[in-house]
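**Q** There's a structure below that I have some questions on.
2 protein chains.
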Amino acid sequence: MNTATFNIAAVERDTGLSKDVLRMWERRYGFPVPSRDNNGERCYPAEQVDRLRLIKRLMDLGHRPGKLIATPQEELGSLTSRRSKPAVKDASADDGELGELLTLIKQHDAAAYQQAMLQRLARQGLQRFVQDTVSPLTRQVGEKWEDGSFEVFEEHLFTELTKRLLRQAIATLPGGPRGPRVLLTSVPEEPHVLGLLMVEALFALEGAECIPLGTQMPLLEIGRAAQAHQADIVALSFSLAFPQRQIPGLLQQLRLVLPEKTALWAGGGGVTRIARTDDAELITTLDDALAALANWRAQHA
Amino acid sequence: MNTATFNIAAVERDTGLSKDVLRMWERRYGFPVPSRDNNGERCYPAEQVDRLRLIKRLMDLGHRPGKLIATPQEELGSLTSRRSKPAVKDASADDGELGELLTLIKQHDAAAYQQAMLQRLARQGLQRFVQDTVSPLTRQVGEKWEDGSFEVFEEHLFTELTKRLLRQAIATLPGGPRGPRVLLTSVPEEPHVLGLLMVEALFALEGAECIPLGTQMPLLEIGRAAQAHQADIVALSFSLAFPQRQIPGLLQQLRLVLPEKTALWAGGGGVTRIARTDDAELITTLDDALAALANWRAQHA
DNA sequence: TATTTGTTTTGTCCTAGACAAACAGGACGT
DNA sequence: ACGTCCTGTTTGTCTAGGACAAAACAAATA
């Protein structure tokens, strides 16, 4: 069935490794070594693409490409250790609770998952639902994905269903426009929206006026939107997968295009290791977000 | 305020023009001509980035880069004519009806827009709401964006709010699993999800079992998902903005990784001009989608 | 009016060199 | 033992220009 080969653009699309990197690896490490078509262009067999995808996943986990490429295929599968620190293991206490939910996703039972989540939402209320269910669940799905026990499409299904639940819950909230006006979005190349939705849920509960613009807004457009909406705060989300080295530069550029009085907040797993800066306020946890909101209100009372 | 300059990666991110194209244009047409930093790397001023974004928008409208670059800045603004054909003008009859909705978006009044849409949903019912409101509205927003009367962030706001409405409506439907199992997603580089949601709403109304996987699934993952979910149909969406030349190849590759018995349907504005193929069934309108569903059921009775 | 044929435009791919930012590891001082 | 500075290595991204094929257009034919 898999007689198809991939050209370099298709490999970039499917692995997330840029064409430059693919060519560089071939030059430096001797892998991947695609065959060539009549036209001298690279043709990657599906087998090499699969290996590249695995390598990319392990790189996102903190491994280095030089080592990975030197490692024979069989050993790669067993390298899926923890990101760096052995991780806070108190979370495993919840495993029993949340494990059922993960199992439902793993079984591809969308209806049952939604049902179970709705029950939790009703029992916990939105705030605790976000903080005690959605947030740890998201983290666990990320870990499951890292260690290979979740497929990409299972993670997509989880994300899609959870997005719906949160949006549904947010929609039922009254739009009490008392707090600051918060514009929620992400930069180009950052498609993850779950973190933004969690923050939106919490902020909306607090009565802030949230303006959700979806993901992947060009920087200059974010500036225009902030101006047009008279936003008090622009809140960005960076996932763990976002290339961290780019974040400081992005925040600096964005700070330049935003009105002076508009605050810039950056949150999500991607900013935990970023050095503090004057360009933006870094928010690493949901509690931080609520604290920042309270703080803003105190200063603008 | 705009003293910042953009490196070539930032310009690619913000304009959607690849680095290769940016360098090629500089070589061929002499525009853009960025300054260089100490390191000999390109530094694009914000002014050139803006011009590039405008040019890109006009290209998506069907103009050719060679002409656009030769045109002085002032004339560019007035080039926002129709895509190619003068367009079906019976749509303008609805302008009065839908115009109010567009106005609300243009005024950035999210709450009023949601309210008005909910009213229409209640009045029309979901099927007619999708076909007579959401679909033409989406098209009109696209046109407004093309002719420059909508900003990018206004389109984002529209999309985000409308997504929420549709998802909310879908969530309230009973999950009567009688029809085929339909897996809904899009390929990498195709982030638009509104079309998928419209189809999902219609299919769910018909009692089909929809599995929404969100957007941007790698091809091999789509294959795995289809297998895991025992999908009868894989439905892809291609927006008008998707590079049409890539579609036939994508469909062919995807056909190779899908199980034999799984049907492949491709729909959305991007496929209207694609030549018929054996790899997939091309679906250009929402009515087509419903017809295809009925047809499938007839053949699998 | 349609369809075929040539020509121009345009994007993508190629090679190969250079460099700076990130990282790892060791030496050093507290 | 722990943190800090330095140095060499690893790694990604940028640069330059050349080549070619596929798309878009123009012209000429049936």
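First to last, the protein sequences are chains A and B. Mind the numbering: the first sequence is residues 960 to 1260 in my numbering, read in order. Mind the numbering: the second sequence is residues 960 to 1260 in my numbering, read in order. Built from N, CA and C at the ideal position, the CB exists for glycine as well.
Just checking: is the beta-carbon of Arg1140 (chain A) within a distance shorter than 7 Å of some beta-carbon in chain B?
**A** False, the Cβ-Cβ gap to chain B never drops below 7 Å.
**Q** Nearest to Pro1004 (chain A) by CA position, among A:His1022, A:Arg1016, A:Leu976 and A:Ala969, is which residue?
**A** When each option's Cα is compared against that of Pro1004 (chain A), the closest is A:Ala969.
**Q** Please state if the CB of Pro991 (chain A) and the CB of Cys1002 (chain A) are separated by a distance shorter than 7 Å.
**A** Not a contact, by the Cβ cut-off of 7 Å.
**Q** Taking only three categories from DSSP, how would you classify Ser1108 (chain A)?
**A** Coil at Ser1108 (chain A), not helix or strand.
**Q** Closest by CA to Ala1234 (chain A), which one among A:Asp1247, A:Pro1207, A:His1259 and A:Gly1228?
**A** That would be A:Pro1207, whose Cα lies nearest to the Cα of Ala1234 (chain A).
**Q** Would Ala1046 (chain A) count as contacting chain B if we go by Cβ distances under 7 Å?
**A** Legend: pLDDT at Ala1046 (chain A) = 41, less than 50; position of this residue unreliable, value from coordinates given subsequently. Not closer than 7 Å to any Cβ of chain B, the Cβ of Ala1046 (chain A) fails to qualify, so no.
**Q** Does the beta carbon of Gly1173 (chain B) come closer than 7 Å to any beta carbon on chain A?
**A** Closer than 7 Å: yes.
**Q** Output the distance between the C-alpha atoms of Gln1090 (chain B) and Ala1071 (chain A), rounded to the nearest integer angstrom.
**A** Each residue's Cα considered, the two are about 30 Å apart.
**Q** Taking CB distances under 7 Å as the criterion, tell me whether Pro1147 (chain B) reaches chain A.
**A** Yes, Pro1147 (chain B) counts as interfacial toward chain A.
**Q** Could you say which of B:Ser1108, B:Leu1125 and B:Glu1102 lies nearest to Leu1085 (chain B) if we only look at CA atoms?
**A** Nearest option by C-alpha distance: B:Leu1125.
**Q** Using alpha carbons as the reference points, say which of A:Trp984, A:Gly1021, A:Ala1257 and A:Lys1122 lies closest to Thr1174 (chain B).
**A** If we check each option's Cα against that of Thr1174 (chain B), A:Lys1122 comes out closest.
**Q** If distances are taken between C-alpha atoms only, which option among B:Glu1110, B:Thr1244, B:Pro1171 and B:Gly999 comes closest to Ile1129 (chain B)?
**A** Of the listed residues, the one whose Cα sits closest to Ile1129 (chain B) is B:Pro1171.
**Q** If you draw a straight line from the alpha carbon of Glu1159 (chain A) to that of Glu1034 (chain A), how long is it in whole angstroms?
**A** Roughly 42 Å separates the two Cα atoms.
**Q** Residues of chain B with CB closer than 7 Å to the CB of Ser1188 (chain A), please, in chain order.
**A** The sequence shown places His at residue 1188 (chain A), not Ser. Going along chain B in sequence order, the residues near His1188 (chain A) (Cβ under 7 Å) are His1067.
**Q** Helix, strand or coil for Phe965 (chain A), going by three-state DSSP, please let me know.
**A** Strand.
**Q** Pro1207 (chain B) CB to nearest chain A CB: under 7 Å?
**A** Not an interface residue.
**Q** Determine, for Glu1180 (chain A), whether the minimum Cβ-Cβ distance to residues of chain B falls below 7 Å.
**A** Yes, Glu1180 (chain A) counts as interfacial toward chain B.
**Q** Alpha carbons only, please: which of A:Ser1198, A:Val1100 and A:Ala1190 is nearest the one belonging to Pro1150 (chain A)?
**A** If we check each option's Cα against that of Pro1150 (chain A), A:Ser1198 comes out closest.
**Q** If you measure beta-carbon to beta-carbon, which residues of the stretch 1104-1122 of chain A are closer than 7 Å to chain B?
**A** Result list: Glu1110, Val1111, Phe1112, His1115, Leu1116, Thr1118 and Glu1119.
**Q** From the DSSP output, in three-state form, read off Asn970 (chain B) for me.
**A** Here residue 970 (chain B) turns out to be Val, not Asn, going by the sequence shown. Helix, per DSSP.
**Q** Alpha carbons only, please: which of B:Leu1161, B:Arg1012, B:Leu1142 and B:Thr1243 is nearest the one belonging to Leu1132 (chain B)?
**A** Answer by Cα proximity: B:Leu1161.
**Q** Quick one: using the 10 Å Cβ neighbour count with 16 as the cut-off for buried, is Ser1196 (chain B) buried or exposed?
**A** Classification for Ser1196 (chain B): buried.
**Q** With distances taken from CA atoms, which of B:Leu1011, B:Glu1006, B:Thr964 and B:Thr1092 is nearest Arg982 (chain B)?
**A** That would be B:Leu1011, whose Cα lies nearest to the Cα of Arg982 (chain B).
**Q** Does the beta carbon of Ala963 (chain B) come closer than 7 Å to any beta carbon on chain A?
**A** True, the Cβ-Cβ gap to chain A drops below 7 Å.
**Q** Using only alpha-carbon positions, find the residue among B:Lys978, B:Met1018 and B:Leu1020 that is nearest to Glu1000 (chain B).
**A** Closest option to Glu1000 (chain B), Cα to Cα, is B:Lys978.
**Q** Skipping 5 residues on each side, what residues in its chain have a beta carbon closer than 7 Å to that of Leu1063 (chain A)?
**A** Cβ within range, chain order: Ala1071, Tyr1072 and Ala1075.
**Q** Pairing CB atoms from the stretch 1216-1225 of chain B with CB atoms from the stretch 1181-1195 of chain B, are three or more of them under 8 Å?
**A** Verdict: yes, contact present.
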